[in-house]
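A.B. asks: My questions all concern the structure below.
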Amino acid sequence: MEYQFTIVVPIYNEEENLERLEQQLSTYLKIAVKPTCILLVNDGSSDNSLSMIEKICERNEAFHFISFEKNCGLSAAIKAGFDYADTPLIGYIDSDLQTDPEDFNLLMKDIGEYDLVTGWRADRKDSFVKNMSSLIANGIRKSFTHDGMNDTGCPLKIIKADYAKRIPMFKGLHRFLPAMIMLQNGTVKQVPVRHYPRIAGKAKFHLWNRLLGPLVDCFAYLWMKKKYINYNVAKKA
Numbered sequence: 001m002e003y004q005f006t007i008v009v010p011i012y013n014e015e016e017n018l019e020r021l022e023q024q025l026s027t028y029l030k031i032a033v034k035p036t037c038i039l040l041v042n043d044g045s046s047d048n049s050l051s052m053i054e055k056i057c058e059r060n061e062a063f064h065f066i067s068f069e070k071n072c073g074l075s076a077a078i079k080a081g082f083d084y085a086d087t088p089l090i091g092y093i094d095s096d097l098q099t100d101p102e103d104f105n106l107l108m109k110d111i112g113e114y115d116l117v118t119g120w121r122a123d124r125k126d127s128f129v130k131n132m133s134s135l136i137a138n139g140i141r142k143s144f145t146h147d148g149m150n151d152t153g154c155p156l157k158i159i160k161a162d163y164a165k166r167i168p169m170f171k172g173l174h175r176f177l178p179a180m181i182m183l184q185n186g187t188v189k190q191v192p193v194r195h196y197p198r199i200a201g202k203a204k205f206h207l208w209n210r211l212l213g214p215l216v217d218c219f220a221y222l223w224m225k226k227k228y229i230n231y232n233v234a235k236k237a
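With the first letter of the sequence shown counted as 1, position 191 gets the number 191 in UniProt numbering; the numbers rise by one all the way through.
Next comes the structure, spelled out in structure tokens:
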């Protein structure tokens, strides 16, 4: 099958979620509006995740994986997914399944007109502390980037591959994907999607790395924006 859409799934110590992940993504593949494959990115897990990933890919033709030698972080896992995907469209979803793969079909309705379409968890099912820290972090980021996004951290996105592969990713920049598309003169849109409580595994982010990390990254983004090189080729031979 000639796939048109790759869903990148970063995984770090999520053995409790992987069986459910396989089931839900397999279900989505049957209703996906474009021929879709799955790229699981093992971010140096220390539990049984890699072994389970290998078995999932053996059972499912549309599932593939890459595995890091050591834990490198979420931004690195997303960047690797962008690098290794070979389809015109690339999506991203977290392995905890707090967002629903079926909502990729909602985002897909707008990806023809836009270069990135991101989910917006308008009705989040997280704790009060988690919701408030994310609200504050999003407010800080918006004041720096002016990207107009209410929920840039939503782990449900579709990006045109031409734009995704030009993103100069560094640690923490996964929070700035819409802003980085706009640096390329690309267009972005947010779409409300469903959100669910985490039912297995442990969250990898806490209060301090939700607030302090984004603040530091905002200054990195401003430096990147000032130094960013953007060009279009008019002719070639």
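Note that CB positions come from ideal geometry on N, CA and C, so glycine has one too.
Please state if the CB of W120 and the CB of P197 are separated by a distance shorter than 7 Å.
C.D. replies: Against a cut-off of 7 Å, the Cβ pair of W120 and P197 comes out as no contact.
A.B. asks: Quick check on L183: buried or exposed, where buried means 16 or more other Cβ atoms within 10 Å of its Cβ?
C.D. replies: Buried: at least 16 other Cβ atoms inside 10 Å.
A.B. asks: Determine the contact status of T36 and F65, defining contact as a CB-CB distance below 7 Å.
C.D. replies: Contact: no.
A.B. asks: At what residue ranges does the UniProt domain "Glycosyltransferase 2-like" (6 to 136) contain a whole run of the alpha helix (DSSP H), taking only runs of 4 or more?
C.D. replies: Listed in chain order, they are 18 to 31, 49 to 59, 74 to 84 and 104 to 108.
A.B. asks: If distances are taken between C-alpha atoms only, which option among M108, L173 and L25 comes closest to G73?
C.D. replies: For the residues M108, L173 and L25, the minimum Cα distance to G73 belongs to L173.
A.B. asks: Figure out for me which residue from I93, P178, N185 and I11 has the closest Cα to the Cα of I229.
C.D. replies: Looking at the Cα atoms, N185 is the closest of the given residues.
A.B. asks: Quick check on P168: does DSSP put it in helix, strand or coil?
C.D. replies: Reduced to three states, the DSSP call for P168 is coil.
A.B. asks: Within this structure, are the beta carbons of N71 and G44 separated by less than 7 Å?
C.D. replies: For N71 and G44, yes; Cβs fall inside 7 Å.
A.B. asks: Count Cβ pairs between the segment 79 to 99 and the segment 151 to 162 that sit closer than 8 Å; are there 3 or more?
C.D. replies: Yes, since at least three Cβ pairs between the segment 79 to 99 and the segment 151 to 162 fall closer than 8 Å, the two stretches touch.
A.B. asks: For residue 247, does the count of other Cβ atoms within 10 angstroms reach 16, so buried, or fall short, so exposed?
C.D. replies: Residue 247 cannot be examined here, being either before or after the span of the chain that is shown, 1 to 237.
A.B. asks: Closest to N42 by CA distance: which of A77, E61 and V33 is it?
C.D. replies: Among A77, E61 and V33, the Cα nearest to that of N42 belongs to A77.
A.B. asks: Tell me which same chain residues have a C-beta within less than 6 Å of the C-beta of Y3, skipping the five on either side of it?
C.D. replies: Cβ neighbours of Y3 beyond the five flanking positions: P35, C37 and T87.
A.B. asks: With DSSP run on the structure shown, which of helix, strand or coil describes K236?
C.D. replies: Of the three classes helix, strand and coil, the one that applies to K236 here is coil, per DSSP.
A.B. asks: Would DSSP call V191 helix, strand or coil?
C.D. replies: In this structure, V191 counts as strand in the three-state DSSP scheme.
A.B. asks: If you measure between the beta carbons of I181 and D83, is that distance less than 7 Å?
C.D. replies: Cβ distance not < 7 Å, so I181 and D83 don't count as in contact.
A.B. asks: Taking the alpha-carbon positions, what's the L222 to L89 distance?
C.D. replies: Distance between the alpha carbons of L222 and L89 is about 27 Å.
A.B. asks: How many angstroms separate the CA atom of M169 from the CA atom of S75?
C.D. replies: Each residue's Cα considered, the two are about 7 Å apart.
A.B. asks: Using the Cα positions of Q98 and S26, report the straight-line distance between them to the nearest angstrom.
C.D. replies: Cα to Cα, Q98 sits roughly 17 Å from S26.
A.B. asks: Out of K160, H195 and M149, state which residue places its alpha-carbon closest to the alpha-carbon of R175.
C.D. replies: Measuring from the Cα of R175, the nearest candidate turns out to be M149.
A.B. asks: What's the gap between the Cα of P178 and the Cα of M224?
C.D. replies: The straight-line gap from Cα to Cα measures roughly 14 Å.
A.B. asks: Report the three-state DSSP secondary structure of I229 (helix, strand or coil).
C.D. replies: Of the three classes helix, strand and coil, the one that applies to I229 here is coil, per DSSP.
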